[in-house]
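In our numbering, the protein residues as written are 6 to 370.
From the three backbone atoms N, C-alpha and C, an ideal C-beta is built for every residue, glycine too.
What follows is a single structure, written as structure tokens, with notes after it.
In structure tokens, the structure reads:
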């Protein structure tokens, strides 16, 4: 029996997600498709557009057989820990045979090769990477420069993606970066999960505009909050669009501005270094600029720098707001990342799979 796992946010569920589920089922000949989905908060450090149960129902009505919740700590973490939590979850279910993820490269094999390279990272490359990061470059660009420099000095290296164009293709896409992290974790865990990358259809992951019927979740969120009438059925399956509540009930980070400001003010005397994603630099930067606070997203813009991205700041502020500490992350890792399974929904036809998970799973359901 083949069971294919997908790690997702579905914020919101759109036609590209429905295509991915259908294509993954086809390519892997899956009897069941299981989704591990972020809950009420997502990786960019913000609340999901709508609640986890509505989004799980969207997935179940459009091809998924079962939806579990990825623990909050991993769903709000950067790509390495998001991927580590997701792959650990699929492994621990005890019955998943394949993992499928979206990618934006014509040569998915490059992700596998690069993951293998990262796990045996040569010392010369590590030094080149530190040098690039020391210039204030964001991690993807620093990695790209360091790798191309290393590859030029080591022409016999067995990694085929040595041209700037192909390498840039990988590191310019969030989907590719996540796919790379999934591959790294599969290798690190010596997992038996078989990877099944599916090339993305339609708009770029972060494309802000509604362009085709396969528009990005970012574009759909922007359109919903623009205040104009948007025919969502063009960009989302109707069964998913019907589950999206009216705009006034949808959430975004600025809805938490007052709570965040109160939390930052009340703890400014002690600093914020203990929270997940924190550092003395970020803690001091928040205290220094707190008087400029005008809202959640505006404060992220104020705090970001050349080498600290908006997303990193937003995640850190969310961890402060939700009391998620570095110690919490260490504890969860010591428990194998996934100490429990939280089921959000399943189809009646997936009852045999549920019984199998109860019997073979490596965590309580």
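Beta-carbon separation of residue 116 and residue 184 under 8 Å?
Yes, these two residues count as a Cβ contact at 8 Å.
Nearest-angstrom Cα distance between residue 41 and residue 81?
Cα-Cα distance, rounded: 14 Å.
Short of 8 Å in beta carbon distance, which residues of its chain neighbour residue 13, apart from the five on each side in sequence? Order them along the chain.
Excluding positions up to five away in sequence, the list reads 22, 40, 41, 42, 43, 64.
Going along the chain, which residues of its own chain have a beta-carbon closer than 6 Å to the beta-carbon of residue 133, five neighbours each way excluded?
Counting only Cβ-Cβ distances below 6 Å, and skipping sequence neighbours, we find 151, 154, 155.
Mind checking residue 30: buried by the 16 CB within 10 Å criterion, or exposed?
Its Cβ being crowded by 16 or more others within 10 Å, residue 30 is buried.
Under 8 Å by Cβ, that's how I've got residue 45 and residue 110 pegged, so tell me the actual separation to the nearest angstrom.
The Cβ separation is near 31 Å, so there is no contact.
Taking the continuous beta strand (DSSP E) assigned at residue 285, which residues delimit it?
Where residue 285 is concerned, there is no enclosing beta strand (DSSP E), although the alpha helix (DSSP H) it sits in stretches over 285-294.
For residue 247, does the count of other Cβ atoms within 10 angstroms reach 16, so buried, or fall short, so exposed?
By the neighbour-count rule (16 or more Cβ atoms within 10 Å), residue 247 is not buried but exposed.
For the ligand COA, I want to know if residue 67 counts as a neighbour, meaning its beta carbon is within less than 7 Å of at least one of the ligand's heavy atoms.
With respect to the ligand COA, the structure shown offers nothing to examine, as it has no ligands at all.
Hey, how far is the Cα of residue 224 from the Cα of residue 176?
Residue 224 and residue 176: Cα-Cα distance of roughly 21 Å.
Indicate the three-state DSSP secondary structure (helix, strand or coil) for residue 3 in the structure shown.
Absent from the model: residue 3. The displayed extent of the chain is 6 to 370, so no value can be given.
Taking 8 Å as the limit between beta carbons, can you name the residues of its chain near residue 108, skipping five residues before and five after?
Excluding positions up to five away in sequence, the list reads 116, 178, 180, 181, 184, 202, 203, 204, 205.
Do the region 261-273 and the region 285-300 meet, that is, are 3 or more Cβ pairs less than 8 Å apart?
Verdict: yes, contact present.
Spatial neighbours of residue 52 within its chain, please: C-beta separation below 8 Å, excluding the five flanking residues on both sides.
Excluding sequence neighbours, residue 52 sits near 45, 46, 256, 257, 258, 260, 261.
Identify, in the order they occur along the chain, each residue of the same chain with its Cβ nearer than 7 Å to the Cβ of residue 368, setting aside the five sequence neighbours on each side.
97, 343, 344, 345, 346, listed in sequence order.
Which residue's Cα is closest to the Cα of residue 283: 302, 303, 271, 308?
Out of 302, 303, 271, 308, 308 has the C-alpha closest to the C-alpha of residue 283.
Starting from residue 9, follow the beta strand (DSSP E) in both directions and report where the run begins and ends.
8-13 is the extent of the beta strand (DSSP E) around residue 9.
Using the Cβ count rule (16 or more neighbours within 10 Å means buried), how would you classify residue 197?
Exposed, since its Cβ has fewer than 16 Cβ neighbours within 10 Å.
Does DSSP put residue 275 in a helix, a strand or coil?
Three-state result, residue 275: coil.
Using only the alpha-carbon positions, how far apart do residue 136 and residue 353 sit?
Taking the straight line from one Cα to the other gives about 55 Å.
Among the residues of its own chain, which have a CB less than 7 Å from the CB of residue 285, if the five just before and after it don't count?
So the list reads 278, once near-sequence residues are dropped.
Please list, in chain order, all residues of the same chain as residue 370 whose beta carbon is under 6 Å from its beta carbon, the five residues on each side excluded.
Excluding sequence neighbours, residue 370 sits near 346, 363.
What does a CB cutoff of less than 7 Å around residue 173 pick up in its chain, not counting 5 residues either side in sequence?
Once the five neighbours on either side are set aside, the close Cβ partners of residue 173 are 149.
Let me make sure I understand the geometry here. Which of 129, 222, 50, 103 has the alpha-carbon closest to that of residue 20?
Nearest of 129, 222, 50, 103 to residue 20, Cα basis: 222.
Just to confirm, are residue 88 and residue 187 a CB contact at a threshold of 8 Å?
Yes, the pair counts as a contact, with Cβ atoms nearer than the cut-off.
Since residue 55 and residue 349 should fall inside the 8 Å C-beta cutoff, what is the C-beta to C-beta distance between them, to a whole number of angstroms?
Not really, about 13 Å apart at Cβ, beyond 8 Å.
Determine the extent of the alpha helix (DSSP H) in which residue 321 is found, giving its start and end residues.
Run containing residue 321: 315-326, per the alpha helix (DSSP H) assignment.
Here's a check: name, in chain order, each residue in its chain whose Cβ is nearer than 8 Å to the Cβ of residue 355, leaving out the five neighbours to either side.
If we look at residue 355 and ignore the five residues flanking it on each side, its Cβ neighbours are 37, 70, 71.
Is it the case that the Cβ atoms of residue 8 and residue 27 are separated by a distance below 8 Å?
No; because the gap between Cβ atoms is not below 8 Å, this pair is not in contact.
Report yes or no: is there a C-beta of chain C within less than 8 Å of the C-beta of residue 281?
Protein chains in the displayed structure number just one, and chain C is not present.
Mind reading off the beta-carbon distance from residue 287 to residue 50? Whole number of angstroms is fine, and I expect it under 8 Å.
Residue 287 to residue 50, Cβ: 13 Å. No contact.
Can you tell me the Cα-Cα spacing of residue 66 and residue 220, whole angstroms?
The straight-line gap from Cα to Cα measures roughly 20 Å.
Since residue 183 is in the beta strand (DSSP E), which residue starts that stretch and which ends it?
That residue, residue 183, is in no beta strand (DSSP E); its alpha helix (DSSP H) goes 179-193.
In this structure, how does DSSP classify residue 369 when only helix, strand and coil are distinguished?
Three-state DSSP puts residue 369 in coil, outside helix and strand.
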